[in-house]
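Below is one structure, written out as structure tokens; comments come after it.
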Amino acid sequence: MPATLASIRERARVLLEGICHACPVCDGRRCPTGVPGMGGIGTGASFRNNFTALAAWQVNLRVLHDRKDQDLGLRLFGQKLAFPILGAAVAGARVNFQGRVSEEELARAFVLGAAEAGSLSFTGDGPLPELMDAGLKAIKAAGGRGIPVIKPREDGEIVSLIRRAEDAGAVAVGIDVDAAGLVNMTRAGQLVEPKTVEQIAGIAAATSLPLILKGVMTVADAETAVAGGAAAIVVSNHGGRALDHTPGTAAVLPEIAAAVGDKITVLADGGVRSGVDVLKMLALGARAVLVGRPLAIAAIGGGAAGVRLQLEALADDLAVAMRLTGCGDLGDIEPGILSPIRIS
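Take UniProt numbering: the final residue in the sequence shown is number 344, and no numbers are missing along the way.
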């Protein structure tokens, strides 16, 4: 019998006992662990805020229109994608998942599953070399259809890792600038630091690959990314795993997109659990979204096939949401399809 998302989730729940409940609604309220693990940092407020910020928007049903067919395709970083849903960088299998899946298995599931679905996945970095190694190996196996994300290390080390990304054929490269305070890196004696506009400019100039800065949560940082020559930003609070009590990404996305959306590609992540959530993020100003925890469950419970199945389910859900809001293609998705929840 072919695997279903329900059977994949159940297998992941068993494999991750004590780490993640693989909840039907992944909102951060029942996580058995914080960081390391699958939860949020500290009180978990930032993780929960991602979920509630998206839930604060209602979708306006509209069915009297001529948009009978839905086209989810787009071009991003020179690649034709089947839909605007990408895999986020999920790594650290030995620490976050207690070695119940290997780093290589995790990276291959994300990258190859996304590629098979017609999309892309990001891969991770960390204090152990195996994280970057596994991601780059998976990207090379996928013909370059992946984006490695590098910690905000010393500039020369970042450029050295970018060279490896170039050798692997990656379509772009990222820096998760919100990891500037990552304790596991500093404890391992590896520098991570905030970056100035001059440093960003130097790194961007050192490669022909599009440079993506992930972890932008303010207009000021978005404008710095533009000034430094980055090709894209990801509006993200690191899945609620970097700093406690940050806003949800959907709460800050509209202001950031309004300020820089015509100068740089704006992506977003945080709390996306359905195609309707994807639609909301796109309406709030993102060009595409990244999905983390649901794909991690799919990867652990079903490997690359599970990731592909989860991505395709999200895309199918997005297509229905577009049809029921009068959107024929991604260009039709605009803020007017949403209404804020009004509390009387």
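Here a beta-carbon is modelled for each residue, glycine too, at the ideal position from N, C-alpha and C.
Taking residue i as the reference, give the member of the options with the closest Cα.
i	options	result
A188	G126, R145 and G92	G126
G113	D317, G302 and G39	G302
C327	D71, G169, G99 and A117	D71
I44	A141, A319, H238 and G202	According to the sequence shown, residue 44 is Gly rather than Ile. Looking at the Cα atoms, H238 is the closest of the given residues.
A170	A179, P194 and K137	K137
A172	V183, G181 and G144	G144
T218	I203, E255, Q199 and V183	E255
V266	P294, I212 and A251	I212
E157	L191, A259, A168 and A225	L191
A3	L309, N49, G78 and Q79	L309
S208	V278, A231 and R153	A231
Tell me whether the beta-carbon of residue i lies closer than 8 Å to the beta-carbon of residue j.
i	j	result
G42	G28	no
S46	G240	yes
G146	D176	no
P36	G124	no
L311	A56	no
D329	S236	no
A206	G229	no
I290	L86	Per the sequence shown, the amino acid found at residue 290 is Leu instead of Ile. Cβ atoms of L290 and L86: closer than 8 Å.
G174	I150	yes
L253	L284	yes
V95	A321	no
L131	E154	no
Tell me residue i's beta-bridge partners as DSSP assigns them.
i	result
T123	P148
Q79	L76
P340	W57
V177	DSSP lists no partner for V177.
G87	S121 and V291
D71	D329
How about residue i: is its Cβ closer than 7 Å to a heavy atom in the ligand NAD?
i	result
I147	Although the ligand NAD was asked about, the structure shown includes no ligands whatsoever.
Those runs of the beta strand (DSSP E) which lie wholly inside the region 212-244 and span at least 3 residues: 232-235
query: Can you find at least 3 beta carbon pairs, one from the region 158-177 and one from the region 98-112, that sit closer than 8 Å?
result: no
- request: Would you be able to state if there are at least three C-beta pairs under 8 Å between the region 269-277 and the region 313-326?
  value: Yes, the region 313-326 is in contact with the region 269-277.
message: In chain order, what are the residue ranges of uninterrupted alpha helix (DSSP H) at least 4 long that sit wholly in the region 248-331?
response: 249-260, 275-283 and 293-323
message: Quick check for students: name the residue ranges of the beta strand (DSSP E) that lie wholly in the region 26-66, counting only runs of 3 or more.
response: 57-59
- prompt: Can you find at least 3 beta carbon pairs, one from the region 12-27 and one from the region 287-302, that sit closer than 8 Å?
  reply: yes
field: Touch test, the region 258-265 against the region 242-250, Cβ-Cβ under 8 Å, three pairs minimum
entry: no
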